[in-house]
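**Q**
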Amino acid sequence: MSNGTTSPEVFENLKLELRRGCLTLAVLAQLRSERYGYTLRKALADDGLEIDEGTLYPLLRRLEAQGLLASEWREEDKRNKRFYRLSATGEEILNQLLSEWRRMNDSLSKILQEA
Amino acid sequence: MTKQATTFQNPLELVDRYLQAVRFWLPKSQRQEGVLAELGEDLRSQIEEKEAELSRPLDKNEVSAILKKCGPPIVVAGRLGPNRYLIGPTLFPTYAFVLKMVLLWILVPVFLFIIGPVYVVNSAGNWPAALAQTIGDLWSGLFIAAGIITLVFVLIERSPAQAAIACKWDPLSLPPVQKTERKPSLAQSLSQLIFAVLGLLWLLLLPHHPGLILGPAAAILKAGPVAHMMYGPILLLTVLTILKPAISLARPYWTWFLPAAELVQSALTLIVVHFILNAAGQMTRGDWHPFVVQATGLSGNYIQAAAIVNISILISFACAWFGTGIALIVQLWKMFTLLRNKKINRQPATLRA
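Protein chains in written order, with my numbering: chain W, 1 to 115; chain L, 116 to 468.
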């Protein structure tokens, strides 16, 4: 650190911090249409945001506890699956978060251009 | 163990074994929430998709690779379960403060200045045994105290009172801002210098005018062997005491100097007092007059008066040793925090934030 070299550990920690908020936004956005855990993970990965099981399911439970998601167990292809979708509150919060995201993105772009 | 791990017919049984292992590490409250069913469904979907891609069922190694990618059961359970800690972030700073106070500022000084010396006195000259006993008891004491404090904080963490403690604070009750670097005032340094010079003059006059310390008792008492021996070192300490305010006056911007000089002064005082007590202790009991003896050529017997004065001086030196020891620990801590603050202040603001 002191000699100016980039520590991989510091980079990983900062990347995780940066990713945390983005993942919540991405999950909420993906759940505008109903999905179950695996298809949600797959949709996120297809769009370039890989997320492991140990991160996704606690996040889904937290968002549901906050009233942003609604879920139900349903049988599909002879297997029980838990389907998630955005609740009315979740939709409202998602819109607010998206405006905030766009505002921050504009600011950051401006800052990066100035630099 | 190896036999148990290989005796399965269906590769998908591996998924059930995996879920069972994750279940084992999950807290009981989490086992009922369908979290395992959700994880199992995810894993089976992955297997199903892979099988569709290869147009054949997966073998045990391919299933094993999927599970390996998911992570070790204990790690997955840790991620799926709630965040758990013995002492949470709200209470932890208080816990660390109490632990530090009790262990470093109460237990260690008590053992160093009370229990340790008591063991040494009762050891009949067997210093190493007394030292070993002190260190052993201190070690056990530290462990027991740390355990009790941790237990108390764990109980507070789990009690409803914890939230009330966290909310109950008033910005108006915050202590005033402390100056991190103490700059000695001119009046303070000047008065210290004047008193130190007067003290040195008094000390230089003592051998010729013992009445300056003994008062009227100078007619019947005179300096003993230890008093003669300690005169030189005490004179040297007084000269050093003059140097401290003198340098502070000449270099007031040396903010590090005063705490450093106080530290050195306390250390030297402790050494000198230790040697004085040691010398007094080594004198034979029948003729124990270390500091004052009866003056020669007197008609009366003043041995008892000399004994009382000697014991009083000895007690005074013992108290000085104890007080200086505590002062030295406090000064060492101050010096440590001063150096640490200097180091932090040298870092760029972004690293401090």
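Note that the Cβ used here is the ideal one computed from N, Cα and C, for glycine as well.
How many Å lie between residue 30(W) and residue 40(W) at the Cα?
**A** Separation of residue 30(W) and residue 40(W) (C-alpha to C-alpha, rounded to the nearest whole angstrom) is 7 Å.
**Q** Is the number of C-beta pairs between the stretch 406-417 of chain L and the stretch 374-387 of chain L that are closer than 8 Å three or more?
**A** Counting C-beta pairs with one atom in each stretch, the stretch 406-417 of chain L and the stretch 374-387 of chain L have fewer than three that are closer than 8 Å, which means they do not touch.
**Q** May I ask you to report which of helix, strand or coil DSSP gives residue 81(W)?
**A** Residue 81(W): strand per DSSP, three-state reduction.
**Q** Leaving out the 5 sequence neighbours to the left and right, which residues in its chain are closer than 8 Å to residue 72(W) when beta-carbon positions are compared?
**A** Same-chain partners within the cutoff: 82, 83.
**Q** Residues of chain L with CB under 7 Å from residue 55(W), in chain order?
**A** 194
**Q** Using 10 angstroms around the beta-carbon of residue 323(L), count the other beta-carbons present and answer buried if the total reaches 16, otherwise exposed.
**A** Label assigned to residue 323(L): exposed.
**Q** Below 9 Å between beta carbons is the criterion; list the residues of the stretch 154-181 of chain L that meet it against any residue of chain W, in chain order.
**A** 154, 156, 157, 158, 159, 160, 161, 163, 164
**Q** Is residue 454(L) buried or exposed, if buried means 16 or more other CB atoms sit within 10 Å of its CB?
**A** exposed
**Q** Give the single residue among 201(L), 161(L), 139(L), 191(L) whose Cα lies nearest to the Cα of residue 267(L).
**A** 201(L)
**Q** Give a yes or no on whether the C-beta atoms belonging to residue 63(L) and residue 421(L) are separated by under 7 Å.
**A** Outside the shown range of chain L (116 to 468) lies residue 63(L), about which nothing can therefore be said.
**Q** Compare the C-beta of residue 82(W) against all C-beta atoms of chain L and say whether one is closer than 7 Å.
**A** yes
**Q** What separation, rounded to the nearest whole angstrom, lies between the Cα atoms of residue 441(L) and residue 433(L)?
**A** 13 Å
**Q** What residues from chain L crowd round residue 67(W), counting only those whose CB sits closer than 8 Å?
**A** Near residue 67(W) there are no residues of chain L at all, since even the closest Cβ is about 17 Å away, more than 8 Å.
**Q** Counting only runs that start and end within the stretch 21-52 of chain W, where is the alpha helix (DSSP H) found for 4 or more residues in a row?
**A** 37-46
**Q** Going by other Cβ atoms of all chains shown within 10 Å of its Cβ, with 16 needed for buried, is residue 180(L) buried or exposed?
**A** In the assembly as shown, residue 180(L) is an exposed residue. Its beta-carbon has fewer than 16 other beta-carbons within 10 Å.
**Q** Using C-beta distances below 7 Å, list every residue in its chain close to residue 366(L), excluding the 5 sequence neighbours before and after it, in chain order.
**A** 372
**Q** Applying a beta-carbon distance threshold of less than 8 Å, which residues of chain L neighbour residue 79(W)?
**A** 156, 159
**Q** From which residue to which residue does the beta strand (DSSP E) around residue 304(L) run?
**A** Where residue 304(L) is concerned, there is no enclosing beta strand (DSSP E), although the alpha helix (DSSP H) it sits in stretches over 301-320.
**Q** Taking residue 199(L) as the reference, which of 219(L), 149(L), 144(L), 154(L) has the closest Cα?
**A** Per the Cα distances, 144(L).
**Q** Could you please give the first and the last residue of the uninterrupted alpha helix (DSSP H) stretch that includes residue 270(L)?
**A** Per DSSP, residue 270(L) belongs to the alpha helix (DSSP H) from 242-272.
**Q** Run the CB neighbour count on residue 10(W), radius 10 Å, all protein chains shown included, and call it buried at 16 or more, exposed below.
**A** exposed
**Q** Taking any Cβ of chain W, which residues in the stretch 201-213 of chain L have a Cβ under 9 Å from it, in chain order?
**A** Cβ contacts with chain W come from no residue of the stretch 201-213 of chain L.
**Q** If we cut at 7 Å on Cβ distances, does residue 37(W) have a partner in chain L?
**A** Closer than 7 Å: yes.
**Q** Tell me which residues share the same chain as residue 113(W) and place their Cβ nearer than 8 Å to its Cβ, disregarding the 5 neighbours each side in the sequence.
**A** none
**Q** In the DSSP assignment, what are the bridge partners of residue 71(W)?
**A** 84(W)
**Q** I need the straight-line Cα distance from residue 138(L) to residue 80(W), nearest angstrom please.
**A** 19 Å
**Q** DSSP state of residue 410(L), grouped into three classes?
**A** coil
**Q** Is residue 127(L) helix, strand or coil when you go by DSSP?
**A** Three-state result, residue 127(L): coil.
**Q** Taking 7 Å as the cut-off, decide whether the C-beta atoms of residue 134(L) and residue 178(L) are in contact.
**A** no
**Q** Using a Cβ-Cβ cut-off of 7 Å, state whether residue 450(L) counts as contacting chain W.
**A** no
**Q** Using three-state DSSP, classify residue 336(L) as helix, strand or coil.
**A** strand
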